[in-house]
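Just so you know, we're using the numbering used here here: the sequence shown kicks off at 34 and counts up by one.
C-beta atoms are modelled at their ideal positions from N, C-alpha and C, and glycine is treated no differently.
This one's a predicted model, so the numbers in the text were calculated from it and none came from an experiment.
Take a look at the structure below.
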Amino acid sequence: MTGSSTADRRGLQAFARWHAIVLATSWLLGTAVAIYGYTLAPTTAEGVPATELMAALQRRWAWYTVCYGLFLVADLAIALLGVVLSAWLSPARGARAIAMIGLFALAGVLGMVMDVEMLVAAQTFRSGAVLQDPAAADVFLARINTLTAWLSAGSFAASGAASLLIGPMAERAGAGAPWIRLTRALATYQVAVAVVIAAAAITASSWLELLALAFGVIGMPILASLWLRGLVREIGRQRTERG
Numbered sequence: 034m035t036g037s038s039t040a041d042r043r044g045l046q047a048f049a050r051w052h053a054i055v056l057a058t059s060w061l062l063g064t065a066v067a068i069y070g071y072t073l074a075p076t077t078a079e080g081v082p083a084t085e086l087m088a089a090l091q092r093r094w095a096w097y098t099v100c101y102g103l104f105l106v107a108d109l110a111i112a113l114l115g116v117v118l119s120a121w122l123s124p125a126r127g128a129r130a131i132a133m134i135g136l137f138a139l140a141g142v143l144g145m146v147m148d149v150e151m152l153v154a155a156q157t158f159r160s161g162a163v164l165q166d167p168a169a170a171d172v173f174l175a176r177i178n179t180l181t182a183w184l185s186a187g188s189f190a191a192s193g194a195a196s197l198l199i200g201p202m203a204e205r206a207g208a209g210a211p212w213i214r215l216t217r218a219l220a221t222y223q224v225a226v227a228v229v230i231a232a233a234a235i236t237a238s239s240w241l242e243l244l245a246l247a248f249g250v251i252g253m254p255i256l257a258s259l260w261l262r263g264l265v266r267e268i269g270r271q272r273t274e275r276g
């Protein structure tokens with residue numbers, strides 16, 4: 034391997050490491066803040082009047098601002114994930130790599146749209162603009178709950194589809210079999226989460242909403258962090274073997 038190629042791969046590993054750190058940290062911290070904030074002030078609760086929910090949200094608006102600010106950083110990193118993977122797995126960028134880049138970008142953009150929507154909603158929580166009008170509060174909360182559900186489902190579906198494209202490229206690039214298996218499992222997991230979120234939005238089923246929370250909001254960032262750690266290790270292993 035030439036000195037230039039070695040330097041390029043070293044630079045790629047360094048960039049991938051920092052990208053993984055930013056993505057995993059912002060996602061995990063955002064999740065922790067979101068769970069705490071939602072526990073204190075949920076945007077939906079069976080049998081609770083919308084005005085009561087809005088009153089609680091007015092007191093806890095800052096938690097939503099912080100968590101969706103962190104999610105905005107995470108989703109920006111997701112939008113760039115395809116570029117990082119393509120630089121490692123398919124520098125020539127064939128059709129599969131281009132599709133992967135596009136799908137990860139779509140996943141990130143859908144997530145960022147949701148994040149911005151919720152950051153704006155947090156300011157509405159703060160102002161209490163719809164606090165005194167039960168009908169307006171009900172419509173407002175229904176809108177943000179529906180919007181976040183469908184944008185989340187779309188983001189998970191796009192990211193899952195992108196992840197399914199990684200396997201063949203990773204095999205050709207000489208990535209380890211365990212990481213490839215984890216990638217394929219994570220792809221299936223994301224698509225399944227998207228289906229659960231969509232089903233919960235359509236049926237308004239409380240147990241499906243709990244499943245979506247457990248597997249999407251909590252499970253996904255943990256699994257993604259493990260996958261990102263494996264990604265950085267794989268790039269480093271190949272650099273060592275080819276150096």
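About 30 angstroms separates the Cβ atoms of isoleucine 134 and alanine 154, ruling out a contact at the 8 angstroms cut-off. Between the alpha carbons of isoleucine 230 and isoleucine 199 lies a distance of about 24 angstroms. Annotation: the continuous alpha helix (DSSP H) that includes glutamine 156 extends over 128-160. When the five nearest sequence neighbours on each side are left out, the beta carbons in the same chain lying within less than 6 angstroms of the beta carbon of arginine 217 are those of Gly200, in order along the chain.
Restricted to the region 64-120, the alpha helix (DSSP H) segments that are unbroken, complete and at least 4 residues in length are 83-92, listed in chain order.
At a Cβ-Cβ threshold of 8 angstroms, alanine 49 and leucine 122 do not count as neighbours. Take phenylalanine 137, set aside five residues on each side of it, and the residues of its chain with a beta-carbon closer than 7 angstroms to its own are Ile111, Ala112, Leu114, Gly115, Ser192, Ala195, in chain order. Relative to the Cα of leucine 103, the nearest Cα in the group Gly127, Ala95, Val81, Trp60 belongs to Trp60. Scanning its chain for C-beta atoms nearer than 6 angstroms, with the 5 sequence neighbours on each side dropped, one finds around alanine 140 the residues Ile111, Ser188, Ala191, Ser192, in chain order. Between the C-alpha atoms of valine 224 and methionine 253 there is a straight-line separation of about 11 angstroms. The region 52-59 makes no contact with the region 154-171; the number of CB pairs closer than 8 angstroms stays below 3. Excluding the 5 residues flanking it on each side, leucine 62 has same chain C-beta neighbours closer than 7 angstroms at Leu103, in chain order.
With fewer than 16 other beta carbons inside 10 angstroms of its own, isoleucine 255 counts as exposed. Apart from the 5 residues on each side of it in sequence, leucine 118 sits with its Cβ closer than 7 angstroms to the Cβ of Met133, Ile199 in its chain, given in chain order. In the three-state reduction of the DSSP assignment, glycine 252 falls in the helix class.
Counting C-beta atoms within 10 angstroms of its own C-beta, glutamine 165 has fewer than 16 neighbours from the protein chains shown and is therefore classed as exposed. A direct Cα-to-Cα measurement between glutamate 150 and tryptophan 212 gives close to 35 angstroms.
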